[in-house]
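Notes follow once the structure below has been shown.
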Amino acid sequence: MKIKNIFTYCFISSLFLFSLICIWKILVTLQGIELTNFNFNKLFIFGIILCAINLLIGKKLNLNIKIILLALLFSIFDYFISTNLPIWYSFGIFLISLFFFNNIKDYDKNFLSKNHSSQKLFFNFLTLFGITLFSFVILFPFYMMLVTSFKTQALLLLNPLDFSINFAQGLPELFKSYFIVFKDYNFGRYMLTSTIVSLGTVIITLIFAIPAAYAVARLNFFGKNFLSTSILIIYLFPAIVLVIPLYTIFSQLGLRNSIEGLLIVYTATTLPVAIYMLQGYFKSIPKELEEAGIIDGQNWLGIIFKIILPLSLPAISSVALYVFMIAWNEFLFSLMFLDRPNTFTLSRAIQFLNVGAETPRQYLMAGSVVVTLPILIIFVYFEKYLVSGLTAGSVKG
Amino acid sequence: MSSKLAKIEKRTAYLLILPSVLLVFSIILFPIFSNIWISFKNVELKDLRIPEPRAKKLVKSINDNPNQIKVIYKLRNSSLTQEITNVKFKDKYPDNIEPISLNNKCQFKSNLLKCELGNWQKKYRENLEIVFQNTNNQEISKKELQSYKPKLSGKSQNILLTYEFTLNNFKKVIKDKAFIDLLSTTFYYTFFGTIGAIVFGILTAQMVNQKFFGRTFMRSVLLFPYVAPVVALAYTWELLLDPTSGTLNNLLINYQIIDGPINLLGQKYVTLNILGFDFKLRLALTTVIIFEIWRYFPLAFLFILARLQAVPKELYEAADVDGANPIQKFLNITLPQILAVISILFMIRFIWNFNKFEDIFLLTGGASGTRTLPINVYQQGFSIGDIGMGSAVSIVIVVFLLIFMFIYFKLLGKRADEN
Chain V
1144 MKIKNIFTYC FISSLFLFSL ICIWKILVTL QGIELTNFNF NKLFIFGIIL
1194 CAINLLIGKK LNLNIKIILL ALLFSIFDYF ISTNLPIWYS FGIFLISLFF
1244 FNNIKDYDKN FLSKNHSSQK LFFNFLTLFG ITLFSFVILF PFYMMLVTSF
1294 KTQALLLLNP LDFSINFAQG LPELFKSYFI VFKDYNFGRY MLTSTIVSLG
1344 TVIITLIFAI PAAYAVARLN FFGKNFLSTS ILIIYLFPAI VLVIPLYTIF
1394 SQLGLRNSIE GLLIVYTATT LPVAIYMLQG YFKSIPKELE EAGIIDGQNW
1444 LGIIFKIILP LSLPAISSVA LYVFMIAWNE FLFSLMFLDR PNTFTLSRAI
1494 QFLNVGAETP RQYLMAGSVV VTLPILIIFV YFEKYLVSGL TAGSVKG
Chain B
-6 MSSKLAKIEK RTAYLLILPS VLLVFSIILF PIFSNIWISF KNVELKDLRI
44 PEPRAKKLVK SINDNPNQIK VIYKLRNSSL TQEITNVKFK DKYPDNIEPI
94 SLNNKCQFKS NLLKCELGNW QKKYRENLEI VFQNTNNQEI SKKELQSYKP
144 KLSGKSQNIL LTYEFTLNNF KKVIKDKAFI DLLSTTFYYT FFGTIGAIVF
194 GILTAQMVNQ KFFGRTFMRS VLLFPYVAPV VALAYTWELL LDPTSGTLNN
244 LLINYQIIDG PINLLGQKYV TLNILGFDFK LRLALTTVII FEIWRYFPLA
294 FLFILARLQA VPKELYEAAD VDGANPIQKF LNITLPQILA VISILFMIRF
344 IWNFNKFEDI FLLTGGASGT RTLPINVYQQ GFSIGDIGMG SAVSIVIVVF
394 LLIFMFIYFK LLGKRADEN
């Protein structure tokens, strides 16, 4: 057994435990509890000692008893070095150390004497730590958005670290920002506009894209190769180079500040990707099915409606969801084209709120939740379709 | 027979693609070409309003005489910069009402008042007053007169359609002292944003490719930043990073990691002392890049994960037999397998980050050294109001874009040849 391995094991394990504790402490701080020290030295050294004990006990003791014992020891130690903290904090420490010791329970002398054991150990912990850290880093802004919308301006300025939700104040008080956002800032209307624009874009895009994709996938005509390459190239052109000419043309035609104008632009910008995604799927449908349709005397329209469409419903739903997502999240064109509040989409309305005179931040965040929540719910619910849509169309974003 | 079928097929194909082609042509291709046109013109935002002849109608009663009424038209040219020629005026009146006197520009026939008002200079303003009387000596209803609105028409030159061109916009773009800085900021942002997203994509894909509790949940969560609307996320980050009441600064101060708040989005440079050397880091730009990475690494993750799951397990088993360590396994098996995906991802993300507008616009608005080319398009065109300049900057973007695309399709073609 190599001494080096034992040291790396103790060091890495303790470091990992400490980082988990750090994240927990940050979360606790954000509940408004005063905690100003990570106690790095003490916890780290005690962590090394416990890891060494874990190695010494090995499999002599029942593993479950061992991990509970070690976790208890650790939490009691933490309880003594920190002061005035609620019991649920210590309970959290206990659970985290339980999780940690559960992960290292299998390591013993034999494991450490194997080849590459320290590297394996390192990568195991890196994975665990990475998962924790990434979940934290990704979810934290969303969590902050949600909680801020439940607070009041005064409380937020008093202690910016207090993210606890006071449920005692009752639901109407808790959701006050939402009531105000919908009542005084007209978010109901904006939400309706956003929904109409997004759904409209999906429907019009599909009506245009399905026949075109079918033609590109199946029919022979002059300029077909040119067309399918140009679809990709056009798709790579960003909105920012279209914005000035479209602005000038639309303002002269009087199409600015209209939902129709927005619909036209959204449809045109999502059309290339929709055609690109659909034709790929149409190509995978066996040709024999269509030939059978031709023998039955169907025309092209009949083939599309009776054979292609029912078979490609999954692909169509991913395209639809992807287009919906793009239209719902779109910002640049709505910023350019809409400057009257009665035509705002949600994204534009939130930007307007932020630019406008000192809007309290809880209203801003309530608005953000209103625009984020529907798309996240749709995403989680239809994840399978949306993920395949994202992978196929994600060259853009 | 077969040629007839082919003909039908061709016709159907054209019929099916025509609507899409027309729409894409008019909304995407036509604007790209009109960008070139506009960039050679001296157009400002205020020139875009087409000059309109306008008339406001006022109806006033004349003292002690209910049978007569005075109508005043307040005429004006809506444009402050352009002339309107050949203005024509039309207004309708109820029955039994006639003007007492008319000037030579106007005519009154069958309840219709018609005037030829000639040419209106820019900022033109004039009042046209006409007294009307009721032919049956009855009282004239003011309300009824007000209910008719006058109609005006006139010809004006549309500045966008003239044949006057200038090279000034491009001269200004190139000669601008900040142009080099603008380009370097754009490339800095694009390059590090792309690399960062790919590195974190590889890391997370490696993690999620192992079996652990809550793996599918983790996969959904990792995609959240990409799926959620950029407006909401950017403002949340802005609150998070706020120097006085932001959570991040307060946390760092609370744990005594930093002494005073750092304005992460509003400070151009920060000096770092590493090993005795002073480094000047572009702070706001770095923060914006971190947001960019946070938002787009899910995409790299998705691509790389899909590729990783297709790597044959036997390769790793063979490596285990050979006694390879985890780093060797990654370098010799995983990396070569995902290299193709990474290079495509790099090219695509590079093109997209190069054109990214919303993220920077919402976070800093292009202040404190975060002005990239797309931000400049907006600022020139809409903040300063010089549409021609904005177009010229767009053209610069398009030129870069075409170069990138050329390289991209070259690489793609090479790869297709190899396979």
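Quick mapping for you: the protein sequence lines, in order, are chains V and B.
Okay, so the first sequence: first residue is 1144 according to this note's numbering, each after it adds one.
Okay, so the second sequence: first residue is -6 according to this note's numbering, each after it adds one.
The beta carbon of each residue, even a glycine, is placed where N, CA and C say it ideally should be.
Pairing V/Val1340 with V/Ala1470 gives a Cβ-Cβ distance under 8 angstroms.
Residue range Arg1504 to Tyr1524 is occupied by the alpha helix (DSSP H) that includes V/Phe1522. B/Asp235 sits in coil when the DSSP states are folded into three classes, being neither helix nor strand. Within 9 angstroms of the CB of B/Gly194, no CB atom of chain V is found; the nearest one sits about 11 angstroms away.
Rounded to the nearest whole angstrom, the CA to CA distance from V/Lys1263 to V/Asn1363 is 56 angstroms. Note that the C-beta distance between B/Leu226 and B/Leu295 is not below 8 angstroms. Using a CB distance below 7 angstroms, the part of the stretch 220 to 235 of chain B facing chain V consists of Val220, Ala221, Pro222, Val223, Val224, Ala225, Leu226, Tyr228, Thr229, Trp230, Leu232 and Leu233, ordered along the chain. In the three-state DSSP reduction, B/Pro329 falls in the helix class (H, G or I). Contact check for B/Leu338 against B/Asn202 fails: the beta carbons are separated by 8 angstroms or more. The beta-carbon of V/Thr1226 is placed no less than 8 angstroms from the nearest beta-carbon of chain B. Cβ-Cβ distances below 8 angstroms link V/Gly1331 to Phe1325 in the same chain, with the five nearest sequence neighbours on each side left out; the list follows chain order. For B/Thr264, DSSP records a beta bridge to B/Lys273. DSSP, read as helix, strand or coil, puts B/Thr128 in coil. B/Ala48: member of the beta strand (DSSP E) spanning Pro46 to Ile55, first to last residue.
The stretch 146 to 223 of chain B is shown to contain whole alpha helix (DSSP H) runs of 4 or more residues at 161 to 168, 171 to 201 and 208 to 220, in chain order.
Shown here, B/Leu106 sits in a strand according to DSSP, grouped into three states. The C-beta of V/Ala1470 comes no closer than 8 angstroms to any C-beta of chain B.
Between B/Leu11 and V/Phe1425, the alpha-carbon positions lie close to 19 angstroms from each other. Under the Cβ distance rule, B/Val17 counts among the residues neighbouring chain V, one pair being separated by less than 8 angstroms. By DSSP's assignment, B/Val64 forms a beta bridge with B/Val52 and B/Ile123. Within chain B, Leu232 have C-beta atoms less than 7 angstroms from the C-beta of V/Arg1504, given in sequence order. Chain V has no Cβ within less than 8 angstroms of the Cβ of B/Ala312. The DSSP-derived three-state label of B/Lys135 is helix. B/Arg69 is bridged by DSSP to B/Arg47 and B/Arg118. Put simply, the stretch 1414 to 1429 of chain V does not touch the stretch 31 to 50 of chain B. Fewer than three CB pairs are less than 8 angstroms apart. A residue is called buried when at least 16 other Cβ atoms come within 10 angstroms of its Cβ; B/Lys34 meets this threshold and is buried. Proximity of chain B to V/Val1514 at the Cβ level (cut-off 8 angstroms) is accounted for by Pro222, Val224 and Ala225, in chain order. Between the stretch 284 to 299 of chain B and the stretch 240 to 255 of chain B, the count of C-beta pairs closer than 8 angstroms stays below three; the two stretches do not touch. Taken atom to atom, the span from the alpha-carbon of B/Ile173 to that of B/Asp40 is near 30 angstroms. Think of a sphere of 8 angstroms around the beta carbon of V/Phe1181: the chain B residues whose beta carbon falls inside it are Tyr248, in chain order.
At a Cβ-Cβ threshold of 8 angstroms, B/Glu76 and B/Ser149 count as neighbours. The beta carbons of B/Ser213 and V/Glu1526 sit closer together than 8 angstroms. Shortest Cα-Cα distance from V/Pro1484 to any of V/Ile1230, V/Arg1399 and V/Lys1449 involves V/Arg1399. Asn1258, His1259, Gln1262, Lys1263, Phe1266 and Thr1270: these are the residues of the stretch 1255 to 1272 of chain V whose beta carbon lies less than 7 angstroms from some beta carbon of chain B, given in chain order. Under DSSP, B/Val80 forms a beta bridge with B/Gly111. A distance of 8 angstroms or more separates the beta carbons of B/Leu121 and B/Lys81.
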